[in-house]
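Asker: Position one of the sequence shown corresponds to residue 2 (this note's numbering), numbered consecutively onward.
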Amino acid sequence: MGTNKLSRREVLSLSAVLSAGLALSACSSSAETEEAEQQVVEFRFTNAAKVSSLDVALSGTIETARISAQILEPLVIADINTGEPQAGLATDWSLSDDKKKVTFTLREGIEFQNGSPFDAAAVVTNVERWKKAAADDTSNAHVAYLQLFSGLGSEDGKTPLVTDCTAEGNTVVFTLSRPSSSFIRALTQPAYGIAAPNSLDSEGHFIDSPVGTGAYVLKSWDQTHAELERHEQYWAELPRITKITFYAEPNETKRYFRLMNDQTDVYDLVGLNHYVDLAKAGNLIQPRDPYAISFISINGENEIFKDVRMRQAVAFALSRGAIVRNLYPQGSQVANDFLPSLFMMKEDQTSTFYSQKTDQAKELLKAAGYKNEPVEFYYPTDVSLAALPQPEAIYAAIAADLVKVGFNIVPKPIEWNEGYLDKITSPDAKRGLALNGFVGSYRDPNAFYSRVLATTSEVISSLSDAIVAAQDEPVEADADPEEVQPSPSAPSSSQAEPTVTYQQILDKIREADQLTSIDERREAYQKINLQVAQLMPAVPLAYPVSSVVLGKNTGYFPLSATGISNFSEVELR
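What follows is the structure in structure tokens.
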């Protein structure tokens, strides 16, 4: 009968097998742990417009800025709630007694994503890049740089706000031509993200792709799709999201179905027809604070619109209340100036310049000698924008109002991604009107007037010679009842009084920018709002509300009024 005992050799052999098995098990467990740690955590975001460039110096769209902001970081970042500057690549900053020198202390030990050092010299190189971008009027993106690096609005028309930038050890010193309340806030824009100097060519453009210090690096991109991966050597805490994929879908219904089919985690710009269905499905809709403006740009280089009465006729023709009510998301408001309500800088009298008065519009056309000359009206297609959620429909409503009072409107549809912004800001005497709009890029009134007025500065300056004429009898207004009505004491916009000049407005904006008292600034901008209404280089339409919607896998999305979010803070369930 055989024994059940194991020999010493068999025991040793079995022990070896068990030990090997345990070792393999440990290795397997370790590998699984490492694999789990390296597991891809992807966040998918769908933009409402295609991206023509990822270089913020070449493209001024919010979609370009949104992607770039994950790669490039500025010296200072904006607080998501207040918009006030906070430490970014600079840990601190100070002003000289005369407020004309601003010194930034930089973070130390940081490298760009390509391994090159971030230092004061790199910042100076970027300042040179921004100067070149300001001078490049072939690109709509140059508008973001004009306030700091052009002579526009200066006393002599030549001297920029930033006259010098020098590296001094671990600091950079900006020298200003005058004090400026908005300067540091302006630096929070994605346009002022710091790029690796060795990633730039001699013109300040990226040789290949954007390279910064941010939490994510670009892996691939075309106009409809961009992939970013986590920068594993990021100087701050690593985000949990390891991969960000941006999609572009201009059609609001297709964006909706992308979310419903779990093809995106969040999408921008909820369509009017989808709010109820999304709410019923249990999706969280997050509305932004109304920090955008939509308006009609009037080309002062066009002979027709050099007469202020023609510009007034455009404003008086429009049923803006009905347009906003029917074509913008709920919560959007009719705009009677170009500054959103949160600034609390309203001037009650401006409403009389923009309220609908169709009979008076007809009289103005007659008095100005308008003889049915064609007016080219540009508008974007194949896009949804925060400021223009339905551009084609908005254009159609405006054009119908203009035709009713006697304008001969010629539609000029331009695909958004075919350089629409470049076309409506470049000098062209044939262009008459253009549908325009944007989201404020930093928390200051200059974020709005610098774009409304600066885009065609040379053209707008010609408006100072515009014809100003009296009307024999004021015509009773038939304004939309939902629009704010003028006070009885508000002056008629057709009175025989000298029109304010473009230069006078720029002078007042420059003076307001030097004020430090919020009450004094509010009073100053109230007067500026009235002056802009008198000159009328554009007609405000709406302060639009826009929203993002979260899929069921998204727990938190850091929404900001500017439309630029830090995606490293996104939380997935």
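Virtual Cβ for every residue (Gly too), placed ideally from N, Cα, C.
(1) Would you say P191 and A50 are within 8 angstroms of each other, going by their C-beta atoms?
(2) Pick out whichever of S333, I510, I245 and V163 has its Cα sitting closest to the Cα of Y146.
(3) Below 8 angstroms between beta carbons: does that hold for F175 and V103?
(4) What would DSSP say about N48, mapped onto helix, strand or coil?
(5) So is G89 buried or exposed if we call it buried at 16+ other beta carbons inside 10 Å?
(6) Count the other CB atoms within 10 Å of the CB of T426; is the residue buried (16 or more) or exposed (fewer)?
(7) Between the region 241-249 and the region 510-529, are three or more C-beta pairs nearer than 8 angstroms?
(8) Ignore the nearest five residues each way along the sequence and tell me which others in F344's own chain have a CB closer than 8 angstroms to its CB.
(9) Going by the DSSP bridge assignment, what does F439 pair with across the sheet?
(10) Measure the alpha-carbon distance for A24 versus S69 and round it to whole angstroms.
(11) Let's test the definition: count the other Cβ atoms within 10 Å of the Cβ of S95 and tell me whether it reaches 16, buried, or not, exposed.
(12) Quick one: give me the first and last residue of the alpha helix (DSSP H) that V325 is part of.
(13) Across which residues does DSSP place R231 in a beta bridge pair?
(14) Could you have a look at D383 and say whether DSSP puts it in helix, strand or coil?
(15) Alpha carbon to alpha carbon, how far is C166 from L270? Give it in angstroms, no decimals.
(16) How far does the alpha helix (DSSP H) with P392 in it extend, from its first residue to its last?
(17) Under 8 angstroms: do the region 57-67 and the region 189-206 share three or more Cβ pairs, one atom per stretch?
(18) Rounded to whole angstroms, what's the CA-CA distance from Q224 to L55? Just pull it up for me.
(19) Would DSSP call P211 helix, strand or coil?
(20) Which of the three DSSP states, helix, strand or coil, is assigned to K347?
(21) Which whole runs of the beta strand (DSSP E) in the region 155-182 are 3 residues long or more, in chain order?
(22) Alpha helix (DSSP H) containing I425: first to last residue?
(23) Go ahead and pull the three-state DSSP assignment for R432.
(24) Between F408 and E374, what straight-line distance do the alpha-carbon atoms span, to the nearest angstrom?
(25) Quick one: what does DSSP say Y544 is sitting in, helix, strand or coil?
(26) Do you know offhand how far V384's Cα is from A362's?
(27) By how many angstroms is the C-alpha of M537 removed from the C-alpha of G420?
(28) Consult DSSP for P198 and reduce its assignment to one of helix, strand or coil.
(29) What residue ranges within the region 347-379 form continuous beta strand (DSSP E) runs of no fewer than 3 residues, ordered along the chain?
(30) Look up V125 in the DSSP assignment and say whether it is helix, strand or coil.
(31) What residues in its chain sit with their C-beta under 6 angstroms from that of K100, if we drop five residues either side in the sequence?
(32) Could you tell me whether the region 286-302 touches the region 504-524, using the rule of 3 or more Cβ pairs below 8 angstroms?
(33) How about R289: is its C-beta nearer than 8 angstroms to some C-beta of chain B?
(34) Under 8 angstroms Cβ to Cβ from Q148, same chain only, skipping five residues before and after it: list those, please.
(35) Alpha carbon to alpha carbon, how far is L542 from A369?
(36) Thinking C-beta only, is A400 closer than 8 angstroms to I415?
Answerer: Looking at the atomic coordinates:
(1) What you label residue 191 is simply residue 190 of the sequence shown in a count that begins at 1. What you label residue 50 is simply residue 49 of the sequence shown in a count that begins at 1. No, Cβ-Cβ distance for P191 and A50 is not below 8 angstroms.
(2) The sequence position of residue 146 within the sequence shown is 145, counting from 1. Selected option, being the one with the closest Cα: V163.
(3) Mapped onto the sequence shown, residue 175 falls at position 174. Mapped onto the sequence shown, residue 103 falls at position 102. A contact, by the Cβ cut-off of 8 angstroms.
(4) Residue numbering aside, residue 48 sits at position 47 when the sequence shown is read from its first letter. For N48, the secondary structure class from DSSP, reduced to helix, strand or coil, is strand.
(5) By one-based count along the sequence shown, residue 89 stands at place 88. Buried, because 16 or more other Cβ atoms sit within 10 Å of the Cβ of G89.
(6) Taking the sequence shown and counting its residues from 1, one reaches residue 426 at position 425. Note on T426: 16 or more other CB atoms within 10 angstroms of its CB, so buried under the neighbour-count rule.
(7) Between the region 241-249 and the region 510-529 there are fewer than three inter-stretch CB-CB distances shorter than 8 angstroms, so the stretches are not counted as touching.
(8) If you number the sequence shown from 1, residue 344 lands on position 343. Closer than 8 angstroms at the Cβ level, and outside the excluded window around F344, lie P446, R523 and Y526.
(9) As a first step, residue 439 must be located in the sequence shown, where it is residue number 438. The partner list for F439 (beta bridge, DSSP) reads I294.
(10) Counting from one through the sequence shown, the residue named residue 24 turns up at place 23. Counting from one through the sequence shown, the residue named residue 69 turns up at place 68. Because the pLDDT at A24 is just 47, under 50, the model does not fix this residue reliably, and the value given afterwards should be weighed accordingly. Taking the straight line joining both Cα atoms gives about 47 angstroms.
(11) Within the sequence shown, numbered from 1, the residue matching residue 95 stands at position 94. Result: exposed.
(12) Taking the first residue of the sequence shown as 1, we reach residue 325 at position 324. Taken as a continuous stretch (DSSP letters only), the alpha helix (DSSP H) holding V325 covers R321 to L328.
(13) On the sequence shown, residue 231 is found 230 positions in, with the first residue counted as 1. In DSSP, R231 forms a bridge with Y217.
(14) For the purposes of this step, residue 383 is identified with residue 382 of the sequence shown, where counting begins at 1. D383: coil per DSSP, three-state reduction.
(15) For this step, residue 270 is matched to residue 269 along the sequence shown. For this step, residue 166 is matched to residue 165 along the sequence shown. Taking the straight line joining both Cα atoms gives about 39 angstroms.
(16) Residue mapping note: residue 392 aligns to position 391 of the sequence shown, counting from 1. From DSSP, the alpha helix (DSSP H) with P392 extends over P392 to V406.
(17) At 8 angstroms Cβ cutoff, the stretches touch.
(18) In the sequence shown, the residue the question calls residue 224 occupies position 223. In the sequence shown, the residue the question calls residue 55 occupies position 54. Computed Cα separation, rounded: 9 angstroms.
(19) As a position in the sequence shown, residue 211 is number 210, starting the count at 1. P211 falls in the coil class under three-state DSSP.
(20) The residue given as residue 347 occupies position 346 in the sequence shown. Looking at K347 - three-state DSSP - the assignment turns out to be coil, as it is neither helix nor strand.
(21) 163-169 and 172-177
(22) By 1-based counting over the sequence shown, the position of residue 425 is 424. Segment Y421 to T426, the alpha helix (DSSP H) holding I425.
(23) Your numbering for residue 432 matches position 431 in the sequence shown. Correct three-state label for R432: strand.
(24) As a position in the sequence shown, residue 408 is number 407, starting the count at 1. As a position in the sequence shown, residue 374 is number 373, starting the count at 1. Each residue's alpha carbon lies about 8 angstroms from the other.
(25) As a first step, residue 544 must be located in the sequence shown, where it is residue number 543. Here Y544 sits in strand by DSSP.
(26) Translated into positions along the sequence shown, residue 384 becomes position 383. Translated into positions along the sequence shown, residue 362 becomes position 361. Looking at the two C-alpha atoms, the distance is approximately 31 angstroms.
(27) The sequence position of residue 420 within the sequence shown is 419, counting from 1. The sequence position of residue 537 within the sequence shown is 536, counting from 1. Their Cα atoms are separated by approximately 26 angstroms.
(28) Stepping through the sequence shown from its first residue, residue 198 is reached at position 197. Correct three-state label for P198: helix.
(29) none
(30) The residue given as residue 125 occupies position 124 in the sequence shown. Residue state, collapsed to three classes: helix.
(31) Within the sequence shown, the letter at position 99 stands for residue 100. These residues qualify, in order along the chain: P180.
(32) Short answer: they don't touch.
(33) In the displayed structure, chain B is absent; only one protein chain is listed.
(34) Numbered from its first residue, the sequence shown carries residue 148 at position 147. The answer, listed in chain order, is G154, L162, S183, A187, N447, S451 and A455.
(35) Position 541 of the sequence shown, counting from 1, holds the residue named residue 542. Position 368 of the sequence shown, counting from 1, holds the residue named residue 369. Taking the straight line joining both Cα atoms gives about 24 angstroms.
(36) Taking the first residue of the sequence shown as 1, we reach residue 415 at position 414. Taking the first residue of the sequence shown as 1, we reach residue 400 at position 399. No, Cβ-Cβ distance for I415 and A400 is not below 8 angstroms.
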